[in-house]
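Residue numbers (our numbering): 1 to 636. Here's the structure, in structure tokens; my notes come after.
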Ligand SMILES: Nc1ncnc2c1ncn2[C@@H]1O[C@H](COP(=O)(O)OP(=O)(O)OP(=O)(O)O)[C@@H](O)[C@H]1O
Ligand SMILES: [Mg+2]
């Protein structure tokens, strides 16, 4: 509804074009239009920033985007009208057929307008031709801001084949945008393979029965799938003086793998492929099973042979850490299985939806994964995504959606976990050739590794108020219509500027409304409503405190209190020399899991699970951007 008097009597927009001025200058892909003086026109029939205008030439209809408006020299007298000027970026053309009818839309311009050519607003029909794909592979994700009757379409192959990014400040609608785009894609592609990394457990209900939701409680990522680098990160973290322990692990892991394979070969009466049972068959990184118990017994054997007590220390330290981590219920998804089995195909099948079994999207909930190893889990998943695509010969195209990507691929090489960065960068650089596509979502583009963003061909840029973020996006985008990015600070919620090959033309769109049941669980807290309640919402503080503590304490997770199970904080751990990375230093706050909602934390209760020895956890990965500033409340 128009709200101000000046627009009350304006005729409604009818989708027809109307003359607005004439060309007075053309330079390269830009043109300047001198506007006529009519001001009482409805939206869609005025020269507004971001609107599309047309210039009718003999061979084509050239489309130009209004990138600037000005009155260079305002008139001093009321009787003398102002000279009003619009700058256009020439972004595409509708080709005219020989019979004069309008044909297909092409990006870029082959002929240029001439001085004095008439400039009109583009009609709804012309906009529709320009923005709509004539292709079955295109899906509608919303409408154009310029004309709400025209659907905003993206071409699925172009969008996914060359990677995409959804960027914008917090609360602008990125997660909802992801849900809108994926739901539209899934509607047309029932046999898709999409894996979504969900650090806030917010997408659980977005895709209904089409989603396979994996929580830390039913995630299976056996430790033997980890590369050596990842395993060292999990077991040793940044433990002081870990070099010796790393060396021991490097020696023992291939032997443990060989032992396991030889045993299996004997049990089955068959020798598996790859010259099983021979030392040298496996490297530290080969993803084949082995037993923790074999590692421990080999460590024991070697300790027994050592004469010098000083040499025993790294073995003992390593053994204690392996036992602690493998007995920690929070790490159950890696070490929890009582028997070691080679079920890699099953794990990969579930993650990448092969076969699809009516659930083309897999949501991996990461809240509840111990914060110190969330990066390792993401690294394993991303690496496996690429390797799976590689070894399946590109026959199973997969899309990996990486929410909060700045955490895993930060701009600062000193932050994050190098293998995660490498795995994501590899998908960004080479994934296209093997059918792996990446969709990065981030609220801090300036904290995102620029090489990743520059590989994302289609970019949805939502409102962004931070100058650094805007500059960063601008520098990563090469498009004739980059001036559209000037709108970034002033865009409405759910609006995005879209660039790249996924759309026919860059433009300003509004994502479709998600139905209530499909909204990501990230509703902004309603302060005033909650603060009106007389007694506030009833909340059990003891329960809050318990869950809070449990998040970072394996002892509490098992339901066993520290003083009952063994040494209390400050007690020396047998066999472990003061390991520094452990608890927070005095005066330091324990780092909460990023974005973790207390209600979502997993209290892993595993019957029969051994109470873990209270060994300090590895140092948490650093996430400087994880400033608790967002209030998330669960949907009721
Ligand atoms: N397309 C949409 N349909 C319905 N509601 C929407 C849509 N887009 C945004 N919203 C509303 O805006 C709120 C915030 O959106 P969303 O969670 O997607 O923001 P975000 O950019 O992902 O935020 P953050 O960076 O904090 O993750 C949603 O809870 C929802 O109420
Ligand atoms: Mg979000």
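Glycine included, each C-beta is placed from N, C-alpha and C at the ideal position.
Using a Cβ-Cβ cut-off of 8 Å, state whether residue i counts as contacting chain D.
i, result
"residue 477", "The chain inventory of the structure shown lacks chain D, comprising one protein chain alone."
Helix, strand or coil: how does DSSP classify residue i here?
i, result
"residue 336", "coil"
"residue 651", "Since the first residue of the chain shown is 1 and the last is 636, residue 651 is not available in this structure."
"residue 583", "A caution first: residue 583 carries a pLDDT of 34, below 50, which makes its placement in the model unreliable, though a value can still be read off. Looking at residue 583 - three-state DSSP - the assignment turns out to be coil, as it is neither helix nor strand."
"residue 116", "coil"
"residue 239", "coil"
"residue 289", "coil"
"residue 107", "strand"
"residue 526", "coil"
"residue 76", "coil"
"residue 356", "coil"
"residue 66", "strand"
"residue 84", "strand"
"residue 406", "helix"
"residue 147", "coil"
"residue 54", "strand"
"residue 345", "helix"
"residue 93", "strand"
"residue 373", "helix"
"residue 166", "strand"
"residue 424", "helix"
"residue 385", "helix"
"residue 326", "helix"
"residue 22", "strand"
"residue 396", "coil"
Report, in whole angstroms, the separation of the C-beta atoms of residue i and residue j, which I expect to be a contact under 8 Å.
i, j, result
"residue 223", "residue 335", "6 Å"
"residue 368", "residue 154", "Not a contact, Cβ separation roughly 33 Å."
"residue 366", "residue 221", "Going by Cβ atoms, the distance from residue 366 to residue 221 rounds to 12 Å, so no, they are not a contact pair."
"residue 173", "residue 493", "6 Å"
"residue 498", "residue 485", "So it is not a contact: roughly 11 Å between Cβ atoms."
"residue 399", "residue 160", "5 Å"
"residue 142", "residue 511", "4 Å"
"residue 119", "residue 20", "6 Å"
"residue 103", "residue 94", "7 Å"
"residue 424", "residue 408", "6 Å"
"residue 116", "residue 105", "The pair is not a contact, with the Cβ atoms about 25 Å apart (cut-off 8 Å)."
"residue 342", "residue 289", "5 Å"
"residue 441", "residue 403", "5 Å"
"residue 245", "residue 236", "6 Å"
"residue 457", "residue 500", "5 Å"
Kindly list the residues whose CB is nearer than 6 Å to the CB of residue i, restricted to its own chain and excluding five residues on each side of it in sequence; keep chain order.
i, result
"residue 112", "26"
"residue 49", "66"
"residue 362", "195, 212, 351, 353"
"residue 587", "A caution first: residue 587 carries a pLDDT of 34, below 50, which makes its placement in the model too unreliable to give a value."
"residue 401", "196, 439"
"residue 69", "86"
"residue 259", "294"
When every heavy atom of ligand 1 is checked, does at least one fall within less than 7 Å of the C-beta of residue i?
i, result
"residue 511", "yes"
"residue 180", "yes"
"residue 443", "yes"
"residue 106", "no"
"residue 72", "no"
"residue 183", "no"
"residue 494", "yes"
"residue 252", "no"
"residue 520", "yes"
"residue 144", "no"
"residue 514", "yes"
Kindly examine ligand 2 and report whether one of its heavy atoms sits closer than 7 Å to the Cβ of residue i.
i, result
"residue 429", "no"
"residue 175", "yes"
Counting only the same chain and skipping the five closest in sequence on each side, list residues whose C-beta sits under 8 Å from that of residue i.
i, result
"residue 463", "168, 169, 172, 488, 489, 490, 491, 492, 493, 495"
"residue 360", "186, 189, 190, 191, 192, 193, 194, 210, 353"
"residue 127", "52, 144, 146, 147, 150"
"residue 96", "58, 59, 60, 61, 102, 103"
If you measure from the CB of residue i, is any heavy atom of ligand 3 nearer than 7 Å?
i, result
"residue 170", "In terms of ligand content, the structure shown lacks ligand 3 and carries ligand 1 and ligand 2 instead."
Can you list, in chain order, the residues of its chain with a C-beta nearer than 7 Å to that of residue i? Leave out the 5 residues immediately preceding and following it.
i, result
"residue 148", "none"
"residue 514", "176, 179, 180"
"residue 378", "197, 408, 420"
"residue 282", "254, 257, 258, 288"
Those runs of the alpha helix (DSSP H) which lie wholly inside the segment 449-523 and span at least 4 residues: 450-454, 467-476
Segments of 3+ residues assigned as beta strand (DSSP E) that fall wholly inside the segment 173-260: 194-198, 211-214
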